Structures are given as structure tokens and as C-alpha cells.
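Take a look at the structure set out below.
Number of protein chains: 2
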Amino acid sequence: MISLLIVEDHPIVVEGLQKMFRDSSFAEVVGVAGSGQACRDVLRWIKPDIILLDINLPDINGIDLCIEILKNNPKQKILALSTFDERHVIRQMLDHGAKGYILKNSSPEEILEGIKVVQEGGKYLSAETEEALRDKSKNELVITRREREILKLLSEGFTNAEIAEKLFISPLTADSHRKNLITKLNARNTPSLIKLAMEKGLI
Amino acid sequence: MISLLIVEDHPIVVEGLQKMFRDSSFAEVVGVAGSGQACRDVLRWIKPDIILLDINLPDINGIDLCIEILKNNPKQKILALSTFDERHVIRQMLDHGAKGYILKNSSPEEILEGIKVVQEGGKYLSAETEEALRDKSKNELVITRREREILKLLSEGFTNAEIAEKLFISPLTADSHRKNLITKLNARNTPSLIKLAMEKGLI
DNA sequence: AAAAATATCCCCTTTTTTAGGGATTGGCAT
DNA sequence: ATGCCAATCCCTAAAAAAGGGGATATTTTT
Numbered sequence: 001m002i003s004l005l006i007v008e009d010h011p012i013v014v015e016g017l018q019k020m021f022r023d024s025s026f027a028e029v030v031g032v033a034g035s036g037q038a039c040r041d042v043l044r045w046i047k048p049d050i051i052l053l054d055i056n057l058p059d060i061n062g063i064d065l066c067i068e069i070l071k072n073n074p075k076q077k078i079l080a081l082s083t084f085d086e087r088h089v090i091r092q093m094l095d096h097g098a099k100g101y102i103l104k105n106s107s108p109e110e111i112l113e114g115i116k117v118v119q120e121g122g123k124y125l126s127a128e129t130e131e132a133l134r135d136k137s138k139n140e141l142v143i144t145r146r147e148r149e150i151l152k153l154l155s156e157g158f159t160n161a162e163i164a165e166k167l168f169i170s171p172l173t174a175d176s177h178r179k180n181l182i183t184k185l186n187a188r189n190t191p192s193l194i195k196l197a198m199e200k201g202l203i
Numbered sequence: 001m002i003s004l005l006i007v008e009d010h011p012i013v014v015e016g017l018q019k020m021f022r023d024s025s026f027a028e029v030v031g032v033a034g035s036g037q038a039c040r041d042v043l044r045w046i047k048p049d050i051i052l053l054d055i056n057l058p059d060i061n062g063i064d065l066c067i068e069i070l071k072n073n074p075k076q077k078i079l080a081l082s083t084f085d086e087r088h089v090i091r092q093m094l095d096h097g098a099k100g101y102i103l104k105n106s107s108p109e110e111i112l113e114g115i116k117v118v119q120e121g122g123k124y125l126s127a128e129t130e131e132a133l134r135d136k137s138k139n140e141l142v143i144t145r146r147e148r149e150i151l152k153l154l155s156e157g158f159t160n161a162e163i164a165e166k167l168f169i170s171p172l173t174a175d176s177h178r179k180n181l182i183t184k185l186n187a188r189n190t191p192s193l194i195k196l197a198m199e200k201g202l203i
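Protein chains in written order, with the numbering used here: chain A, 1 to 203; chain B, 1 to 203.
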């Protein structure tokens, strides 16, 4: 029997998952936490085989919690749970050691399959997620730290000159970064750059 | 017994709701639809007392579906279901005749309470939702249709001149709208306007 | 240690936005 | 019917961004 900890703040979703595992024969829910803090508390007493970790928690984001959990227990198997809009997070979760990623709109079968695969030491990605990641790698969207910094400031309404002052660089440099961003994201100008960046979760 | 139709594309959430109503004594689920189209199909044969309508459906957005349903049957009671990030939508749903709004992270008690209230002809808003709306009205963020249109085009990277051409207006007019938007949202310039607009769900 | 990626800085011209304004129509609501 | 507000259009000068380059350090990665 695979033991599971559900970390998820939506009672409805928790109910749905519980039901699903009660009906299955190989996994059981040994704990439920509705927040990052609750998750920490539970983990002091319970060591589940797999943690189903929602990305959107009230007190902490999924990635940070994932990092934290794995720091304390590097072998912990974590399966990320999320809605579709957060593909950018998927990469980060997997990079930080999550063993899989499941969309909340996937079928019960898929979810149970994911649990099994992860328990056996594999990695699992929902079908749709794999597509999303493929798209992502096709786009080859790689933004540097500096560019992200500039992006943030641009989104806050600063001009090249103002950004330059803040970062102690030349306005021309700030402008170069901006232009590079526009090229990389295939935007038409700064406003559309901001939109695309926000859609991709870069801001 | 109150009859319910669940319109929701996440199987987990559907399970959770089903469970909740099975355990209750006064409401029962008479249908489930995972898309706008499925919802239309179901409604041809089933007339539920209340429709629980998710805002995020794969084929149509909740507001449009809400409008459509109410056009065909103005007395239909609709309870909107959503996550927290979509406050902006709440207003619109209620304006278009939804009878209430429930957050997916509210407790089963709240949800059942909402069902009861709506069935008795009242309106129901999750506690947190009411707060959100109050905040909103404090902000007094009122955007006209035209402004929203301009906003969208700006976010797609069109210049005043291009927008003017698309909408058959003068570039000066397009610019006026843009300036008004910047003032209304208290932005510094167009890029920051886009960011704020996206955060507030205007785009 | 060499290669690749990143960050930095520069130039020029044209287009676009910004920051102030102000003014007129047409529709909807009271 | 009258008043409000949305939508429309206009002006000017200054500032900023777009579009097109190119070049040199400085990290990182291999």
C-alpha cells in the first residue's frame, strides 16, 4: 500500500482525491495539509511514500515548499499538482527534484498511474504537460538573470534611463537588454513584451 | 431535494463535490458536464434547480456560458465556482445574473450553505469573495468597453496608429483612450499599464 | 585553456509615446 | 429635458522606444 500525503488547500479537491484513493486498491491517504505550515507539522510525525503537492498554497508557493521538503529529506517523492496555467512552474518543480507533475484536470486513471510510476522510482508527467514542456523547449525561451531584472523594472514602468540608474549601468545597456528581450519573446514592442512575459510567468 | 448540475472539467473537483452532496441530505447531483458543449447538451434534457458553473472551461469562458444559459432560461439559478485569482470575473458573473459565487477553497459547509441560500431565492457570496469585492469597489476601477478593447490591442503590441486603423478611429482617439487607461490604473506608462491590467484581470 | 554565453557599451534615424492641455458629439438615465 | 459620461478628435514639444547596426569585456561552461 502506497501512503500519500495530500497538501492542498481546496477542500473539494481534497475530497475528490480521497474518494479516488479509497476506490483504488494500492494507495491510501495518510495525511492532509491545507497549507505549507500544516505540511511541515504533518511531516514531523508522518513519513508518506509520496507527497501530492499543490502549487498554490495560501502561505508558501509550491516550489519553495518542494525545495524545503527535499532539503530535509532528499529521498522524499513529490508529485506536483496544479492547474494548467502554470507551465513555467513545472520546469522549476522538476528541476528542483519533484518526481512528476499532474494536472488537476487529468483523469483519475492518469493520476493513479502517476502515483504508481513515481512509487516505482520513475518520473511521471501528464500527457498534456509533456506537450506543454515540448512547446517550451521548442521555443527555447531562456532568459538571463539580468534580463529578468530588466523585465521586472520595465513592467513597473521604469524607462531605460531610470533602469540604468537603478542598476548602475548605461542606459544603452538597459536598452540592449530590452531589445534582446523583445527579440527573444518575439514581441512587437515593450507593452506586448510585458504581456508575453506575464503569460509565460517570467514576471 | 435540490437538483444540481455540475459544470466542471476537473474530475477531481467533480468527485469532491459529488461526495459532498451525497453526504448531505438536501441536494443531489443530477448531471455533470465537463465542457460548455456538454453543458448545453445536458440542459436539453435536464432542468436542474441550480447549476454549479466553473469559470474555467476548456471550450468557453464561464461568463459567456452564463449569459447563454440565462438567455435560454432566465430563471435558471447559477452559482459560479472558481479559484481565487479571478475576482474580476466575479463582478461580471453577478452582473450577468449569476446568483452567487463560491470559491473552490471554501469549506463544504459554506458551499452547502450557498446552495441553500440560492435555492431559497437569495444571493450567496463566499466570505472571502465579499472582501475581494469590497476591495475592488474601493479601488473603483471602472473601465469602459472601448478602453478594454484598446487595452487588448495595446497588449498585443499595436501602436496608436494601428489601433486607430483597426477600429476606424483617429490615432488621437486611440491615444486618448490609452492615456485615460494609464490615468485610471495609475500606471506610469504603457508597459506598466499592461502589467497592472493583467494583474487585475482586465486582459 | 578555449569556447560560448552574458553583460556591457556605442551610434544613427525614424517612429512612437508622454504630458500637458481642450473641445465636441451622441446616448442613456433620471 | 437635461445632465453626465463615453467616445470622439485636436494641439505642441519633449522624451522615449524601435530598428538597425557593431564591439569589447567578463563570466560560465565545456
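The C-beta atom is built at its ideal place from N, Cα and C for all residues, glycine as well.
As the structure is a prediction and not an experimental result, all values here were calculated from the model.
Cα-Cα separation between residue i and residue j, rounded to whole angstroms
i               : j               : result
A161 of chain B : A197 of chain B : 21 Å
K120 of chain B : K77 of chain B  : Note that residue 120 of chain B is Glu in the sequence shown, not Lys. Roughly 10 Å separates the two Cα atoms.
P11 of chain B  : S106 of chain A : 7 Å
R145 of chain B : L151 of chain B : 10 Å
S137 of chain B : N186 of chain B : Because the pLDDT of S137 of chain B is 43, which lies under 50, any placement of that residue in the model is unreliable, and the number read from its coordinates should be weighed accordingly. Going by the C-alpha atoms only, they are around 16 Å apart.
V29 of chain A  : S3 of chain A   : 6 Å
G114 of chain B : K123 of chain B : 8 Å
P80 of chain A  : G97 of chain B  : The question names Pro, but residue 80 of chain A in the sequence shown is Ala. If you take the alpha carbons of A80 of chain A and G97 of chain B, they lie about 36 Å apart.
V117 of chain A : M1 of chain A   : 14 Å
T159 of chain A : P171 of chain A : 9 Å
L193 of chain B : S35 of chain B  : 33 Å
G201 of chain B : S25 of chain A  : 43 Å
L154 of chain A : N73 of chain A  : 39 Å
Chain A within 8 Å of residue i, Cβ atoms only
i               : result
N160 of chain B : no
R146 of chain B : no
Q78 of chain B  : One point to set straight first is that residue 78 of chain B is Ile, not Gln, in the sequence displayed. Output row for I78 of chain B: interface = no.
A157 of chain B : Looking at the sequence provided, one finds Gly at residue 157 of chain B rather than Ala. Yes, G157 of chain B lies at the interface with chain A (some Cβ there is under 8 Å from its Cβ).
L52 of chain B  : no
I194 of chain B : yes
I203 of chain B : yes
M198 of chain B : yes
Contact with chain B by residue i, beta-carbon distance below 8 Å
i               : result
A174 of chain A : no
G36 of chain A  : no
P191 of chain A : yes
P171 of chain A : no
L187 of chain A : As written in the sequence, residue 187 of chain A is Ala, which differs from the Leu given in the question. Cβ-Cβ to chain B under 8 Å: yes for A187 of chain A.
L57 of chain A  : no
L154 of chain A : yes
P74 of chain A  : no
Option in the options with minimal Cα separation from residue i
i               : options                       : result
W45 of chain B  : B:A187, B:T173, B:L5, B:H10   : B:L5
G31 of chain A  : A:I51, A:S25, A:K19, A:V13    : A:I51
D23 of chain A  : B:D23, B:K19, B:K71           : B:K19
A27 of chain B  : B:D41, B:D49, B:A38, B:M93    : B:D49
I69 of chain B  : B:F21, B:D9, B:T190, B:A38    : B:A38
F21 of chain A  : A:L57, A:E8, A:Y101, A:I111   : A:I111
V13 of chain A  : A:S126, A:E165, A:T83, A:E199 : A:T83
G62 of chain A  : A:M93, A:P108, A:V42, A:S155  : A:M93
I143 of chain A : A:D9, A:V7, A:N180, A:L57     : A:N180
L57 of chain A  : A:E199, A:P191, A:E8          : A:E8
E156 of chain B : A:E199, A:T173, A:I163        : A:E199
Those residues which DSSP pairs with residue i across a bridge
i               : result
K77 of chain A  : A:I50
A27 of chain B  : B:I2
G100 of chain B : B:L79, B:Y124
Q) What residues from the stretch 9 to 22 of chain B come within 9 Å of chain A, judged by C-beta to C-beta, listed N to C? A) So the list reads D9, H10, P11, I12, V13, V14, E15, G16, L17, Q18, K19, M20, given in the order they occur along the chain.
Q: Could you run through the stretch 94 to 106 of chain A and flag, in chain order, every residue whose CB is less than 9 Å away from some CB of chain B?
A: Taking 9 Å as the cut-off between beta carbons, the residues of the stretch 94 to 106 of chain A near chain B are L103, K104, N105, S106, in sequence order.
Q.
If the cut-off is 7 Å on Cβ atoms, which residues from the stretch 108 to 124 of chain A count as contacting chain B, listed in chain order?
A. Within the stretch 108 to 124 of chain A, the residues whose Cβ lies closer than 7 Å to some Cβ of chain B are P108, listed in chain order.
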